[in-house]
Amino acid sequence: MDGQQSQGRSTTTGHDARGPWGRLRAVPGVQTLTGYRRDWLAKDVVAGIALTTLLVPQGMAYAELAGLPPITGLYTTILCLLGYAVCGPSRILVLGPDSSLGPMIAATVLPLIASDGDPKRAVALASMLGLMVAGIMILASVARLGFIADLISKPTMIGYMNGLALTILVGQLPKLLGFKVDADNLLGECAELVRKLADGATVPAAAAVGVSGLVLILLLERLLPKVPAVLVMVALAIAAASLLDLDEHGVGLVGPLPEGFPPFTLPHVRADDMVPLLAGALGIAVVSLADTISNSSAFAARTGQEVRGNQEMAGVGAANLAAGLFQGFPVSASGSRTAVAERAGAKTQLTGVIGACLIVLMLVLVPGLFRNLPQPALAAVVIAASLSLADIPGAVRLWRQRRTEFLLCVAAFVGVALLGVLPGIAIAVGLSVLNVFRRAWWPYDTVLGRVPGLEGYHDIRSYPGADRLPGLVIYRFDAPLFFANAKSFRDEVRRLAGADPRPRWIVVAAEPMTDVDTTAADVLHELDTALSVRHVRLVFAELKDPVRQKIERYGLTRTIDPDRFFPTVEAAVTDFSRSTGAQWSVGPDTRPLDRR
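The opening position of the sequence shown corresponds to residue 1 in the working numbering, with each subsequent residue numbered one higher.
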C-alpha cells in the first residue's frame with residue numbers, strides 16, 4: 001500500500017513538472033524568485049545602485065564604439081538585464097554592451113550604411129543583428145551545442161583580444177584628441193592618425209579632457225579599485241564641460257538624450273542586408289558565448305554554482321532578443337561589471353533589475369543628466385576598456401612555454417589587425433579547429449621499454465636506457481586512428497618493422513586509441529598483410545572494448561587473428577617471451593622520428 005501511494009505521489013509530481021506550473025518553475029528567474037531570501041534584498045539593492053554608476057557611461061561609450069547613438073547603449077543595457085534576469089541561470093552575471101563586440105557590430109553594420117550614413121538605419125540593422133544572435137543562441141541551446149564555446153582556444157583568443165585592443169585603441173585615439181579620421185583598416189587609420197597629428201588637427205581642450213580622463217580612470221582602478229573610477233571621471237568631465245563651456249572650445253558633447261522608456265520596435269531591413277548580417281551574427285554569437293561561459297565559470301567557481309552551458313546560451317539569447325526588440329544591439333557578459341556587482345554584495349539577478357529600473361528612471365526624470373558629457377570622455381572609457389582586453393603577459397608566456405601556440409596567437413592577432421574584426425574571429429576559430437586537427441593528424445608516438453624500479457612500460461625518449469626485449473617492439477600511438485593519420489601510423493610501423501635486427505612482433509599499446517574508422521581499418525588490413533610477408537606479427541594490447549567491437553564489425557578480425565589482441569601490454573610481452581624464449585636487454589635505438 002505504501003509503495004503504491006509513493007508511486008502515485010511520484011506520478012503526480014512528474015505530471016505537475018510537465019504541466020504549465022512545472023514548466024514555469026523551470027525558468028531560472030522564477031526559481032530565483034521562489035527561493036528568494038529576505039536578507040538578500042538590501043544587498044541586491046545596494047549592489048544595483050553601485051552597478052548603475054558603471055552601466056550608464058559604459059553603455060553609452062560602447063554604443064558609440066559600435067557606431068550607434070549613445071542612447072541605444074542605455075536601451076540595450078535596460079532590456080538585456082531584464083531578459084537575462086528572467087532566463088539566465090547565473091545568479092550574479094551581468095550582461096550588457098561590450099567592448100569586444102562593439103567593433104564586430106560596427107564592422108557588420110557600418111558598411112551597409114556607408115552610402116547614406118542614416119543613424120536610424122544603423123539602429124535598425126544593429127537591432128536585427130541582435131535578433132539574429134538571439135535566434136542563433138536559442139537554437140544552439142535547444143540543440144545542446146554549448147561546446148561551441150570551446151571552438152576558440154586560449155592562445156587564439158589571446159591573439160584575437162590583443163588585436164581587438166589595438167584596433168579599438170587606434171580607432172578611439174582621434175576622438176580622444178578631438179578630430180576624426182576616414183580609413184577602412186587599421187593600417188589606414190594609423191597612417192591617417194599620424195598625418196592628422198602632424199597637421200596639428202588635435203583640439204587642445206578635447207585632448208586635455210580625454211587624456212586626463214584616461215589617466216584618472218587608470219590611476220583610480222590601480223590605486224583605489226573600490227572607487228567607481230568611470231563614474232568619477234564622467235562626473236568631473238560633465239562638471240568641467242558645464243563650468244568651462246568646453247563646447248565653445250571645440251569639444252564635442254553627447255547632447256540631449258531622448259526621454260522615456262525605449263519603444264518596442266520590429267527592425268525593418270532590406271532583404272539584401274540579411275546575408276552580411278547573418279555572417280556577422282555568427283561571429284558575434286561565438287565570441288559572446290565564449291565570453292559568457294568563461295565569465296560565468298569564473299564567478300560560479302567563487303560561489304559554488306555549476307555552469308550550465310546550454311542554459312547560458314538560452315539566457316544570452318533571451319537578453320539579445322529583448323534588446324533587439326527595443327532598439328538595442330548584441331550583448332555579452334561583462335567581467336568588470338560582474339565584478340562590481342559581486343564586490344557590492346549582489347546575491348541574485350535582482351541586482352541587474354534594480355540597475356535597469358534606475359536607468360529607466362533617469363531617462364524619464366532627468367534625461368538631460370548627460371547632456372554635457374564630452375565625447376573625449378567616452379573615448380577614454382572605451383580606451384580604458386580596450387587596455388583591459390589586452391593580455392601581453394599571456395602572449396609572452398606562450399612564447400616561453402610553447403612556440404607553436406604562440407604562432408597561433410600571432411596569426412589571430414595579425415588577422416584582426418590587418419584583415420578586420422570579423423575575418424579575425426573567423427581566423428581565430430579556424431586556427432583553433434586546425435590546431436586540434438593537426439594534433440590528431442600528427443600525434444605523439446613513441447616506443448616503450450622497461451625501466452628498472454618502475455612498474456609498467458615507459459617512453460624511451462624519457463628513459464633512453466630503458467630495457468627492450470630482443471625481437472619485440474612496443475609502440476604507442478597517442479590518438480584515435482582515423483583517415484587523416486592512418487597512413488602516418490602505417491609508415492611508422494613499417495619503419496619499425498624494417499629495423500636491423502628485424503623485430504618479430506610489433507605490439508601496439510592501443511589504450512590511447514579511442515576510435516578506429518573504416519579508412520584506418522582498411523589501412524590496418526593492408527599493413528598486417530605487408531608485415532606478414534616479412535614475417536612480422538602485428539599485435540594489439542589494451543584496446544578498448546568499444547574500439548574492439550568496431551574492428552570486429554569491420555571484419556578485421558577475420559584477417560588479424562583474435563589471439564593477437566591482449567588485455568594488457570604485460571600479457572602480450574609474457575606471451576612473446578614464452579613463445580620465443582627472449583630475455584630482456586638494452587636494445588638498439590628504435591625511437592620513432594619526431595615529426596613535430
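Using N, Cα and C, we set each Cβ at its ideal position, and we do this for glycine too.
Out of Asp391, Val433, Ile136 and Gln375, the CA that lies nearest to the CA of alanine 208 is found in Gln375. For tyrosine 475, the uninterrupted beta strand (DSSP E) segment begins and ends at 472-477.
A straight-line Cα-Cα distance of about 6 Å links leucine 387 and alanine 165. Rounded to whole angstroms, the Cβ separation of leucine 253 and leucine 373 is 7 Å, and the two are in contact under 8 Å.
Look at glycine 283 here: in three-state DSSP terms it is helix. Inter-residue distance for alanine 426 and glycine 309 is about 22 Å (C-alpha atoms, whole angstroms). In the DSSP assignment, alanine 183 falls outside any beta strand (DSSP E) and carries neither an H nor an E.
The C-alpha of aspartate 467 lies about 19 Å from the C-alpha of alanine 497.
For leucine 454 and glycine 465, the gap between their C-alpha atoms comes out near 13 Å. Residue environment: leucine 176 is assigned as buried (16 or more neighbouring CB atoms within 10 Å of its CB, all protein chains considered).
Under a 10 Å Cβ-count criterion, threonine 559 is classified as exposed, with fewer than 16 other Cβ atoms of the shown protein chains found around its own Cβ. In the pairwise beta carbon analysis, the region 72-87 is classified as touching the region 55-63: at least three pairs are separated by under 8 Å. Secondary structure note for glycine 453: it is in no alpha helix (DSSP H), with a DSSP letter that is neither H nor E.
Comparing C-alpha distances from glycine 352 to each of Ala241, Lys43 and Trp399 shows the shortest one belongs to Lys43. DSSP, read as helix, strand or coil, puts proline 263 in coil.
Phenylalanine 540 sits in a strand when the DSSP states are folded into three classes. The shortest C-alpha to C-alpha distance from leucine 129 to any of Leu321, Lys120, Ala521 and Gly415 is the one to Leu321. At a Cβ-Cβ threshold of 8 Å, aspartate 291 and serine 100 count as neighbours. In the DSSP annotation of this structure, tryptophan 40 is not part of any beta strand (DSSP E), being labelled neither H nor E. Using a 10 angstroms sphere on the CB of asparagine 485, the tally of other CB atoms reaches 16 or more, which defines it as buried. Taking the Cβ atoms as the reference, alanine 47 lies roughly 56 Å from alanine 520, outside the contact range of under 8 Å.
Boundaries for glycine 67: no beta strand (DSSP E) harbours it, and the DSSP string shows neither H nor E there.
The continuous beta strand (DSSP E) containing isoleucine 506 extends over residues 505-509. Exclusion of the five residues before and after arginine 438 leaves no residue of its chain whose Cβ lies closer than 6 Å to its Cβ.
In this chain, valine 331 is not harboured by any beta strand (DSSP E), its DSSP state being neither H nor E. If you draw a 10 Å sphere on the C-beta of threonine 514, you find fewer than 16 other C-beta atoms in it, and that means exposed.
With fewer than 16 other Cβ atoms inside 10 Å of its own Cβ, leucine 365 counts as exposed. The beta carbon of alanine 341 is closer than 7 Å to those of Ala47, Leu51, Ile92, Val94 and Thr351 in its chain, skipping five residues each way along the sequence. Here leucine 145 carries a coil assignment [DSSP, helix/strand/coil]. The DSSP-derived three-state label of aspartate 273 is helix. Contact between leucine 125 and valine 269 holds, since their C-beta atoms are separated by about 6 Å, short of 8 Å. In the three-state scheme derived from DSSP, where H, G and I count as helix and E and B as strand, threonine 529 is classed as helix. Between the alpha carbons of arginine 548 and asparagine 185 lies a distance of about 55 Å.
Cβ-Cβ distances below 6 Å link proline 155 to Leu398, Glu405, Leu408 and Cys409 in the same chain, with the five nearest sequence neighbours on each side left out; the list follows chain order. Contact annotation, serine 332 with valine 275: C-beta distance approximately 23 Å; criterion of less than 8 Å not satisfied.
If you draw a 10 Å sphere on the C-beta of glutamate 259, you find fewer than 16 other C-beta atoms in it, and that means exposed.
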